[in-house]
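Participant: Before I ask anything, here is the structure I am working with.
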Amino acid sequence: MSNLFEYNYPGRYLLINYNDEFYKKLLDSGYIVHRFNSINGIDCNIVTGPIDYFYIKLSTEISNFLELCNLIDHYRIKNLMLSIECVNEGHLDFIDTLIEKGYQINSNDKIKVGEGKVDIEITSIKSHQHNFKLNREILYLKERIDKIVSYICSGDEILIVDDGNNNIRNYLSYQIISDKIKFIQSSDLLIREKNKQYNIIFFINKKITFDSVTLEFLSESLLPSGRCILFNINTKIRKLLTTVNLDIESYSSTDKISSSIVNYSGSIENLCSSILIFMRNPLIFDSFKYSESFYGYNSPPDNLLAFQRDYINPWIVRSLVEFPSRNKSTYNLRNYCNTILETYPLLSPDYGAALAVLGYQYLNNHLKDDFIIQKITSYCSDIEKESFVSPHQTRWYISLSTLLGLIYRKKGFFFKSMPWFSKAYQSSERKFSPTIATKILQSYYMNITMLISLEKITSATVLLDSSINRIIDFFNVHENELLGRKKNPLNFVMYIYHDIIDWTIKLINIKRSLNINRMGSFYLANKNTWSSLLSERMEAINFQSLLINERDITIKDQTKIIDDRGLAIESQSIMIDERDNTIKDQAKLIDERDNTIRDQTQLIEERESTILSQEKIIKKLQDLAKE
41 MSNLFEYNYP
51 GRYLLINYND
61 EFYKKLLDSG
71 YIVHRFNSIN
81 GIDCNIVTGP
91 IDYFYIKLST
101 EISNFLELCN
111 LIDHYRIKNL
121 MLSIECVNEG
131 HLDFIDTLIE
141 KGYQINSNDK
151 IKVGEGKVDI
161 EITSIKSHQH
171 NFKLNREILY
181 LKERIDKIVS
191 YICSGDEILI
201 VDDGNNNIRN
211 YLSYQIISDK
221 IKFIQSSDLL
231 IREKNKQYNI
241 IFFINKKITF
251 DSVTLEFLSE
261 SLLPSGRCIL
271 FNINTKIRKL
281 LTTVNLDIES
291 YSSTDKISSS
301 IVNYSGSIEN
311 LCSSILIFMR
321 NPLIFDSFKY
331 SESFYGYNSP
341 PDNLLAFQRD
351 YINPWIVRSL
361 VEFPSRNKST
371 YNLRNYCNTI
381 LETYPLLSPD
391 YGAALAVLGY
401 QYLNNHLKDD
411 FIIQKITSYC
421 SDIEKESFVS
431 PHQTRWYISL
441 STLLGLIYRK
451 KGFFFKSMPW
461 FSKAYQSSER
471 KFSPTIATKI
481 LQSYYMNITM
491 LISLEKITSA
501 TVLLDSSINR
511 IIDFFNVHEN
521 ELLGRKKNPL
531 NFVMYIYHDI
541 IDWTIKLINI
551 KRSLNINRMG
561 SFYLANKNTW
571 SSLLSERMEA
581 INFQSLLINE
591 RDITIKDQTK
601 IIDDRGLAIE
611 SQSIMIDERD
621 NTIKDQAKLI
631 DERDNTIRDQ
641 TQLIEEREST
651 ILSQEKIIKK
661 LQDLAKE
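Okay, so the sequence shown: first residue is 41 according to our numbering, each after it adds one.
Set out below in C-alpha cells:
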C-alpha cells in the first residue's frame, strides 16, 4: 500500500459500501467524510465539492461502470481504492478506461479474471506533485523503506548514496517524510561536500564497493549515533565497517524481505541480509560538533534539552536513552554503558545515564550481575554530598532513586525500597524539569500503597495529601516548559504529561477510596487508567506477535517442504525427460534398423530377380545350342 492510502492524509473522502470501523476512524480524525451504501444513494446536495479519496467495494452485482466513470469525472476524484470481491471482465475494462483518463495503478501485479478479494490503488497522474513511475525497482525499495522507518527520526539529516536514477530519487523524496534529504552518486564520493555530516546514510546502489574511498566518506560524514543502512548485502561486511566505528544494530534474518528485523545480540552468521543497520559508536565523538537536530533547538525549556551544556558527550542521550532514536540492540547498549562506567567521571550525567540503562536491564532480567545495585547506590549517595549539581545530575539522581526502589521491591526487600522512593519525591523538580514528575509521582504511589498494605493509614494519608499538593505544582508551570518554542512546539513533553496525568489519576483514586473507607476500590479504578489498559493491550499484541511468529515458522517449514517437493518433482521431470529421450533414441535406432532390413530385403529381391533373369538367359542359350 502506498503512503497515500496507508497514512490517511487529511482531505475529502467518499466511501461506498465501506465498513463502520474505517468510516469512524476517518471521522474521528476530523476529516470531511461522506459514506453511502451504493452509488445511487449519493446525495448530491451533501457531496458538493471535489473528492480527494474515493473508496468503493465492488461486488459481482455491480455492472454499471459507465455511471461510475461519470461519478469520477463529476467529482474530479484524485485517488481511488477499489476493493473487488471477484474480478471479472467488466472490472478490467473499467480499470483500462481509468488508465485512458490519466490514472495509474500503484502496483506492477497483473490483475486476472477470477481473482478474489483484490484491493487496487489507482491515482490520478496529474493530481500529485510526485514524479515517479512504479516499477520493479520502486517496489523493491518500498518494501524495505517500510521496515526501517522506525530508525528515522524527525529532524534527521539524510544522505542517500545511489546511481543517479531520477525515478528512484523522486520516489524516495516522496516516501521518506523529511525535508532534509540529499542525494549523491557513489561515483561522486570523492568530490562530496566537505565538513557536512548526516544522521542517516542509505546505500541504495547495489553495486557499491566498500573501498578506502567509501570508508573514508563514512568516517567523515556519519555523526556519532548516526545510522548506516544497507540493502541486500552479506553480514560479514560488519567486520570491515567496524574499522570506521560502525556497530551492527539490527538485520533481517534472510535475504527475503518478508523476514523480520532482528536486533543484534552478540553473534551473527554470515548470511545475505535484505536489510542491515549499523549505528556509529556514540562514544567516539571528539572530532564532531554537536547540534540538536532531534528536537530542533536546545531551549526553551530551561534544562530539559541542555545536553550539550550538561553532558561530557551529548550524543549519549540520543543513542542510549531517548526513544525512538536509542540503539535497539540490548547487547550494544550494555557494551556502551560498561565503557562509560570504566572511562567517564563517576558523577557525570553521562555516568548516570549509563547506570539507568543497565539498571533497567537488570530490572527486566536482561542483566544478571548484582554489581549495578552498588554502582547506583554509590552514585546517588555521592550526588547527595555535592554542594552543586547540574540539572541533568538531578534528573538521574531522581530517576535512579526510583529505580533502586523498584529493584528492591522486585527482590522482595520492601522496607529497603521505601527510603529510595522517599529520596525521589523529596527532590525538587524545579532543579531539572516538571517532566521528572513521572518518577516523583511513581515513587509517591509505591510508598503510599505499601503503607496502606502495612495498615499505616494515617501515614499513607499524610503522604497522599503531600503528593496532591505537588501535583498542583507540576501543572502550574511556565508555557515554555510544556511547549518549548511556539513556532515549533515540542510534542514529546505532552506524551510525558500523559504519564504524569496517569499517575495523578491513580493517586486521586486512592484518595477517594480512603475518603469512603473502601480500601480495595482504588485497585479496580486504577485498572481503567491509560497505563493499565495499554499494558493489557501490549500483552495482547505480544501474544498475537507470538502467534504470528509461530505462523511464520510454520509457513517457512511448509515452504521448505513445498520447495523440497518441487525439487523432487523437478528431478523426476528430468528423469522422465531423460527416459523419453532414451525411448526416442531407441525408437530411432529401431526405425533405422527397420529401414536397413527393408533396404536389405529390397537388395535380396533385386538380386533374386537378377539371378532369375540370368537363369532364363542361360536356359535360352542352352536351348539354342541344342538346335
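Note that the Cβ used here is the ideal one computed from N, Cα and C, for glycine as well.
Among Asn321, Thr294, Arg320, Gln626, which residue has its Cα nearest to the Cα of Asn310?
Facilitator: Residue mapping note: residue 310 aligns to position 270 of the sequence shown, counting from 1. Considering only alpha carbons, the answer is Thr294.
Participant: Would you identify the three-state DSSP class for Asn77, choosing helix, strand or coil?
Facilitator: Along the sequence shown, one-based indexing puts residue 77 at 37. Looking at Asn77 - three-state DSSP - the assignment turns out to be coil, as it is neither helix nor strand.
Participant: Between which two residues does the alpha helix (DSSP H) holding Asn110 run?
Facilitator: Here residue 110 refers to the residue found at position 70 when the sequence shown is read from its first residue. Element bounds for Asn110: 105-114.
Participant: In angstroms, rounded to a whole number, what distance separates the CA positions of Pro364 and Ser300?
Facilitator: Translated into positions along the sequence shown, residue 364 becomes position 324. Translated into positions along the sequence shown, residue 300 becomes position 260. Going by the C-alpha atoms only, they are around 19 Å apart.
Participant: Let's test the definition: count the other Cβ atoms within 10 Å of the Cβ of Gly524 and tell me whether it reaches 16, buried, or not, exposed.
Facilitator: As a first step, residue 524 is located in the sequence shown; it is residue number 484 there, counting from the start. Gly524 should be labelled buried.
Participant: Would you list, in sequence order, the uninterrupted alpha helix (DSSP H) runs of no fewer than 4 residues that lie entirely inside the segment 178-261?
Facilitator: 206-215, 252-261
Participant: Identify whether Gly306 lies in helix, strand or coil by the three-state DSSP scheme.
Facilitator: Against the sequence shown, residue 306 aligns to sequence position 266. Residue state, collapsed to three classes: coil.
Participant: I think Ser369 touches Ser290, with their Cβ atoms under 8 Å apart; what is that distance to the nearest whole Å?
Facilitator: In the sequence shown, the residue the question calls residue 369 occupies position 329. In the sequence shown, the residue the question calls residue 290 occupies position 250. The Cβ separation is near 7 Å, so the contact holds.
Participant: Give me, in chain order, the residues of the same chain whose beta-carbon lies closer than 6 Å to that of Ser507; leave out the 5 immediate sequence neighbours on both sides.
Facilitator: In the sequence shown, the residue the question calls residue 507 occupies position 467. Hits under 6 Å: Tyr484, Leu547.
Participant: Quick one: what does DSSP say Ser300 is sitting in, helix, strand or coil?
Facilitator: Taking the sequence shown and counting its residues from 1, one reaches residue 300 at position 260. Note: Ser300 maps to coil in three-state DSSP.
Participant: By DSSP, does Glu155 sit in helix, in strand, or in coil?
Facilitator: Start at 1 with the first residue of the sequence shown, and residue 155 comes out as number 115. Residue state, collapsed to three classes: coil.
Participant: Is there at least one Cβ from chain D nearer than 8 Å to Phe76's Cβ?
Facilitator: Among the chains in the structure shown there is no chain D, since it carries only a single protein chain.
Participant: State the DSSP-derived secondary structure class of Phe515, mapped to helix, strand or coil.
Facilitator: Looking up residue 515 in the sequence shown gives position 475. The answer is helix: DSSP assigns Phe515 an H, G or I state.
Participant: By the DSSP assignment, the beta strand (DSSP E) with Glu289 in it spans what residues?
Facilitator: The count along the sequence shown starts at 1 and reaches residue 289 at position 249. Annotation for Glu289: the continuous beta strand (DSSP E) segment containing it runs 286-292.
Participant: Write down the C-beta distance between Ser441 and Lys463 rounded to the nearest angstrom, noting that I regard them as a contact closer than 8 Å.
Facilitator: Residue 441 sits at position 401 when you count from the first residue of the sequence shown. Residue 463 sits at position 423 when you count from the first residue of the sequence shown. Correct: roughly 4 Å between the Cβ atoms.
Participant: Ignore the nearest five residues each way along the sequence and tell me which others in Leu446's own chain have a CB closer than 7 Å to its CB.
Facilitator: The residue given as residue 446 occupies position 406 in the sequence shown. Taken in chain order, the residues that qualify are Leu403.
Participant: So the candidates are Leu494, Pro385, Val357, Arg449; which of them puts its Cα closest to the Cα of Ala396?
Facilitator: As a position in the sequence shown, residue 396 is number 356, starting the count at 1. With distances taken between Cα atoms, Ala396 lies closest to Val357.
Participant: Residues in its own chain within less than 6 Å of Asn303 by CB, not counting five upstream and five downstream?
Facilitator: Locating residue 303 in the sequence shown gives position 263, where the first residue counts as 1. If we look at Asn303 and ignore the five residues flanking it on each side, its Cβ neighbours are Ser290, Lys368, Ser369.
Participant: With DSSP collapsed to three states, give me the class of Lys51.
Facilitator: Counted from its first residue, the sequence shown places residue 51 at position 11. Here the sequence assigns Gly to residue 51, which means Lys is not the residue at that position. DSSP places Gly51 in coil when its eight states are reduced to three.
Participant: Of the choices Glu362, Asp342, Arg552, whose alpha-carbon is the least far from that of Arg470?
Facilitator: Position 430 of the sequence shown, counted from the start, is the residue given in the question as residue 470. Of Glu362, Asp342, Arg552, the residue nearest in Cα terms is Asp342.
Participant: Where does Tyr337 sit, in a helix, a strand or coil, going by DSSP?
Facilitator: By 1-based counting over the sequence shown, the position of residue 337 is 297. Of the three classes helix, strand and coil, the one that applies to Tyr337 here is coil, per DSSP.
Participant: In the DSSP assignment, what residue or residues form a beta bridge with Arg525?
Facilitator: By 1-based counting over the sequence shown, the position of residue 525 is 485. Paired residues: none, contrary to the question.
Participant: Please classify Asn146: is it buried, with 16 or more other beta-carbons within 10 angstroms of its beta-carbon, or exposed?
Facilitator: Reading the sequence shown from its first residue, position 106 is the one you call residue 146. Looking at its Cβ environment, which holds 16 or more other Cβ atoms inside 10 Å, Asn146 is buried.
Participant: Could you check the C-alpha separation between Asp542 and His518 for me, to the nearest Å?
Facilitator: Counting from 1 along the sequence shown, the entry for residue 542 is found at position 502. Counting from 1 along the sequence shown, the entry for residue 518 is found at position 478. Cα-Cα distance, rounded: 21 Å.
Participant: In this structure, how does DSSP classify Lys415 when only helix, strand and coil are distinguished?
Facilitator: The count along the sequence shown starts at 1 and reaches residue 415 at position 375. Lys415 falls in the helix class under three-state DSSP.
Participant: Can you tell me where the alpha helix (DSSP H) holding Glu382 begins and where it ends?
Facilitator: Counted from its first residue, the sequence shown places residue 382 at position 342. Where Glu382 is concerned, the enclosing alpha helix (DSSP H) stretches over 370-383.
Participant: Let me know if Leu664 comes out buried or exposed under the rule of 16 or more other beta-carbons within 10 Å of its beta-carbon.
Facilitator: To locate residue 664, count along the sequence shown from 1; it is residue 624. Burial call: exposed.
Participant: Restricting to runs no shorter than 4 residues, where is the alpha helix (DSSP H) found entirely within the segment 439-523?
Facilitator: 454-465, 477-493, 497-515, 519-523
Participant: Which value, in whole angstroms, describes the spacing of the CA atoms of Ile152 and Ser314?
Facilitator: Working through the sequence shown from its first residue, we reach residue 152 at position 112. Working through the sequence shown from its first residue, we reach residue 314 at position 274. Note on residue identity: the sequence assigns Lys, not Ile, to residue 152. Taking the straight line joining both Cα atoms gives about 30 Å.
Participant: Contact between the segment 231-240 and the segment 273-281 is defined here as three or more beta-carbon pairs at a separation below 8 Å; is this criterion met?
Facilitator: no
Participant: If contacts are defined as beta-carbon pairs under 8 Å, then Leu398 and Arg366 qualify, I think. What distance do you get, rounded to the angstrom?
Facilitator: Taking the sequence shown and counting its residues from 1, the one referred to as residue 398 is at position 358. Taking the sequence shown and counting its residues from 1, the one referred to as residue 366 is at position 326. 14 Å between Cβ atoms; not a contact.
Participant: Looking only at its own chain, which residues have a Cβ that is under 7 Å from the Cβ of Lys173, when we skip the five neighbours before and after it?
Facilitator: As a working mapping, residue 173 is identified with position 133 in the sequence shown. Cβ within range, chain order: Asn207.
Participant: Specify the secondary structure class of Arg366 as computed by DSSP and reduced to three states.
Facilitator: Here residue 366 refers to the residue found at position 326 when the sequence shown is read from its first residue. Three-state DSSP puts Arg366 in coil, outside helix and strand.
Participant: Quick one, which of Ser252, Leu66, Ser265 has its alpha-carbon nearest Glu362's?
Facilitator: Counting from one through the sequence shown, the residue named residue 362 turns up at place 322. Nearest C-alpha to Glu362: Ser265.
Participant: Quick one: residues in its chain with C-beta nearer than 8 Å to the C-beta of Ile488, no 5 flanking neighbours on either side, listed in chain order?
Facilitator: By one-based count along the sequence shown, residue 488 stands at place 448. So the qualifying residues of the chain are Ala500, Leu503, Leu504, Ser507, Leu547, Ile550.
Participant: Measure the CB-CB distance between Asp92 and Asn57 and report whether it falls below 8 Å.
Facilitator: Residue numbering aside, residue 92 sits at position 52 when the sequence shown is read from its first letter. Residue numbering aside, residue 57 sits at position 17 when the sequence shown is read from its first letter. No, Cβ-Cβ distance for Asp92 and Asn57 is not below 8 Å.
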